[in-house]
Amino acid sequence: MANESAVLFQLGLDDITPGDIVALADGRYRAVLNPDEGYRAQLQRGAEIVRLQAQAGQPVIELLDREDDSRLDTATGLMQRHATATEAILRERESAAVIGARLAVLARGYSGVRTQVLELMCELLNLRVLPRIPASTPGSSDGGRIPMSYVAAAMTGHREVSYLGRVVLASEGLRAARLSPVELRPKEAMAIMSGTSVATGLGCLAWERGRRLVRFATALTAMAHDVTHGNPGHFDPRLDALKPHEGTRTAAQWLRDDIEYGGRSREGCSTDPGVLRCAPQLLGLLIDAIRRTERVLEVELSSVSDAPIVHPTTGELLIGGNSYGGQVAFALDGLSSAIAAVVGLMARLLALVCDPDASRGLNRDLVADPSVGRHGFRSMRATVSGLVAQARKHALPGTGFLTAFGHDHDLPCPAQLSAIDCLRALSVTESVAAIVALAMCQAVDLRDGQGCHRRASAIYGAVRQLVPRLTKDRAQDRDVVSVLELFRAGLLPLGSLD
4 MANESAVLFQ
14 LGLDDITPGD
24 IVALADGRYR
34 AVLNPDEGYR
44 AQLQRGAEIV
54 RLQAQAGQPV
64 IELLDREDDS
74 RLDTATGLMQ
84 RHATATEAIL
94 RERESAAVIG
104 ARLAVLARGY
114 SGVRTQVLEL
124 MCELLNLRVL
134 PRIPASTPGS
144 SDGGRIPMSY
154 VAAAMTGHRE
164 VSYLGRVVLA
174 SEGLRAARLS
184 PVELRPKEAM
194 AIMSGTSVAT
204 GLGCLAWERG
214 RRLVRFATAL
224 TAMAHDVTHG
234 NPGHFDPRLD
244 ALKPHEGTRT
254 AAQWLRDDIE
264 YGGRSREGCS
274 TDPGVLRCAP
284 QLLGLLIDAI
294 RRTERVLEVE
304 LSSVSDAPIV
314 HPTTGELLIG
324 GNSYGGQVAF
334 ALDGLSSAIA
344 AVVGLMARLL
354 ALVCDPDASR
364 GLNRDLVADP
374 SVGRHGFRSM
384 RATVSGLVAQ
394 ARKHALPGTG
404 FLTAFGHDHD
414 LPCPAQLSAI
424 DCLRALSVTE
434 SVAAIVALAM
444 CQAVDLRDGQ
454 GCHRRASAIY
464 GAVRQLVPRL
474 TKDRAQDRDV
484 VSVLELFRAG
494 LLPLGSLD
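In case it helps, this note's numbering puts the sequence shown at residues 4 to 501.
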């Protein structure tokens with residue numbers, strides 16, 4: 004059902020940001036088409052151009068159903084031929100992000116799609132009648148035709164949707180939401196299926212999760228600094244001023260805020276291990292990757308990625324390569340690589356606080372009382388080691404792997420794979436962060452809170468409301484889930500993301 008408190012969000016004339024897509028996916032925005040009369044007239048002109056082209060018998064879509072005898076069946080045939088996916092289904096939030104990203108592009112008015120088709124897409128989002136979209140591998144230059152064919156089919160009342168927490172036939176879901184299926188014209192089906200919207204929509208979710216992850220990792224670094232009695236001089240602002248990468252400067256400032264940096268090293272402080280000294284530089288990699296990804300996604304969301312493009316002023320059909328998603332793929336591959344670097348940082352933070360020598364006196368493996376427990380966080384370290392390997396595997400770039408068949412699909416784009424792998428790397432890395440957060444809270448307990456500053460104290464307080472101190476060896480799987488849920492619900496006090 005629609006979120007009554009959602010903010011109305013107009014599509015069609017203004018540029019769109021990744022944050023807008025996230026808000027649409029979460030239901031915080033209610034999608035509506037811009038009511039401007041000139042804009043609506045442009046949409047109608049585009050649809051009329053397509054209708055006249057089809058009526059004249061001209062090839063509206065390159066190579067569309069040339070083997071079919073009846074042009075009336077071309078849209079149906081197009082959707083049916085691409086229904087070949089065997090992969091897992093996207094989650095509801097992911098499906099909503101994909102639909103939002105495609106709607107943003109179609110609403111630009113260069114796709115020859117009728118207003119009623121766009122309005123139905125808006126209502127699919129608003130009423131959460133979400134097509135079941137497969138996480139399909141690419142088979143074309145945009146990579147979206149197979150998964151997006153399931154969106155087009157759902158809009159005509161075919162295949163399945165998620166509605167009110169249930170998987171139902173699309174016809175049933177539309178009827179329950181008091182929506183009517185639409186009969187798509189050939190170019191409309193292709194317009195829904197073309198472009199980079201699967202990768203772009205998923206990329207927006209990855210961008211948002213990456214922003215929160217890097218702030219979490221920074222806060223955990225600050226906690227590690229506090230519980231190991233670290234040297235604040237490593238975060239002297241003169242250092243990042245002399246090597247002023249934007250991400251490094253942001254991470255360093257966050258760390259200074261979190262440890263309440265006083266302007267100089269504490270008396271008698273020695274040099275910390277590299278995991279603390281170099282943390283601003285390594286965290287800065289992810290911050291910079293997030294910002295680059297944001298810029299690429301902003302361009303993609305505010306562009307036209309159809310094939311062909313319908314020019315509403317001249318009436319021309321422009322056929323080129325705008326549906327290719329290479330820029331999105333490279334941006335997301337870079338984001339995944341930076342995530343892999345940060346998961347390595349967090350693994351080293353865990354190793355640091357579990358080593359009595361490196362941590363300046365914390366009990367080995369953070370065992371609270373050796374008389375009632377001997378393992379502490381030893382098993383957690385083994386788990387993290389395996390998770391790090393998984394994250395790095397997911398971070399392998401997809402942009403170098405191409406397979407092709409025929410000349411019509413001789414340059415398949417890996418953007419979709421890059422987006423899916425990036426989300427997988429994020430999921431694994433968030434689990435590592437949750438484990439490290441538990442370890443840092445245990446270290447705070449072992450220090451009796453001494454030397455802890457604002458960030459360590461705030462996170463400790465939030466975690467300890469749900470997870471008790473580890474006083475003896477016990478199963479910790481539910482502890483990890485509890486911290487993960489806190490983080491994903493935005494209930495951990497991580498500080499500003501700006």
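We put the CB at the ideal spot given by N, CA and C, even for glycine. Predicted model, so just to flag it, every value in this text is computed and none were measured.
Three or more Cβ pairs drawn from the region 184-201 and the region 298-318 lie within less than 8 Å of each other, which places the two stretches in contact.
DSSP, read as helix, strand or coil, puts E488 in helix. Short of 6 Å from the beta carbon of Q47, and not among the five residues preceding or following it, lies no beta carbon of its own chain.
A straight line joining the alpha-carbon of G49 with that of A227 spans about 59 Å.
Counting other Cβ atoms within 10 Å of its Cβ, S326 reaches 16 or more and is therefore classed as buried.
Residue pairing of F12 in beta bridges, as defined by DSSP: A34. Less than 8 Å divides the Cβ of L369 from the Cβ of L449. Residue environment: D39 is assigned as exposed (fewer than 16 neighbouring CB atoms within 10 Å of its CB, all protein chains considered). Out of S273, F238, V278 and F12, the CA that lies nearest to the CA of Q256 is found in F238. Note on geometry: alpha-carbon atoms of L320 and A99 lie some 29 Å from one another.
By the CB criterion at 8 Å, R214 and I293 fall inside the cutoff. By the 16-neighbour rule on beta-carbons within 10 angstroms, P235 is buried. The Cβ neighbour count for D229, taken over all protein chains shown within 10 Å, is at least 16; the residue is labelled buried. Using a 10 angstroms sphere on the CB of P189, the tally of other CB atoms reaches 16 or more, which defines it as buried. In summary, S114 is buried, with 16 or more beta-carbon neighbours lying within 10 Å of its beta-carbon over all protein chains present. Contact holds between the region 361-375 and the region 431-450, because three or more Cβ pairs, one in each stretch, are under 8 Å apart.
Around the Cβ of E263, a 10 Å sphere holds fewer than 16 other Cβ atoms; the residue is exposed.
As the crow flies, the alpha-carbon of G112 is around 47 Å from that of I462. Residues of the same chain with a CB within less than 6 Å of the CB of S430, apart from the 5 flanking positions on each side, do not exist. Non-local C-beta neighbours of E122 in its own chain, meaning closer than 8 Å and more than five positions away in sequence, comprise L36, ordered along the chain.
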